[in-house]
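Residues 72 to 139 (my numbering) are what the sequence shown spells out, left to right.
Inspection log for the structure reproduced underneath, given as structure tokens.
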Amino acid sequence: MTEQTLVLIKPDGLSKSLTGNVLARLSETKLEIAAARIVQVSKELAEEHYALLKDKPFFTDLIKYIMG
72 MTEQTLVLIK PDGLSKSLTG NVLARLSETK LEIAAARIVQ VSKELAEEHY
122 ALLKDKPFFT DLIKYIMG
């Protein structure tokens with residue numbers, strides 16, 4: 072069975088120009104990057120991704136943050 076991992080570079084990582092560093096560190100692990108894409112996270116996608124945290128007091132701020 073093949074394992075897969077999802078890697079997200081959050082908005083502050085992009086604004087701090089850390090994308091290259093993240094990709095370099097991933098490369099050092101010898102993991103295969105099967106796909107890569109840049110997306111602007113919609114409110115709907117963020118709410119779906121963090122649905123388990125919906126009742127937490129920080130949920131609204133988390134959604135705003137991840138939307139960048």
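Each residue gets a CB set at the ideal place from its N, CA and C atoms; glycine is no exception.
Keep in mind that this is a model prediction, so the values were computed, not measured.
From Val110 to Met72, what distance separates their C-alpha atoms? Cα-Cα distance, rounded: 28 Å.
Return the CA-CA distance between Ala105 and Leu94, expressed in angstroms with no decimal places. Cα to Cα, the separation comes out at about 13 Å.
So, with DSSP's three-state summary, where would you put Asp126? The answer is coil: DSSP assigns Asp126 none of H, G, I, E or B.
Am I right that Ile137 and Lys81 are in contact with their C-beta atoms under 8 Å? What's the rounded C-beta distance? Right, their Cβ atoms sit about 7 Å apart.
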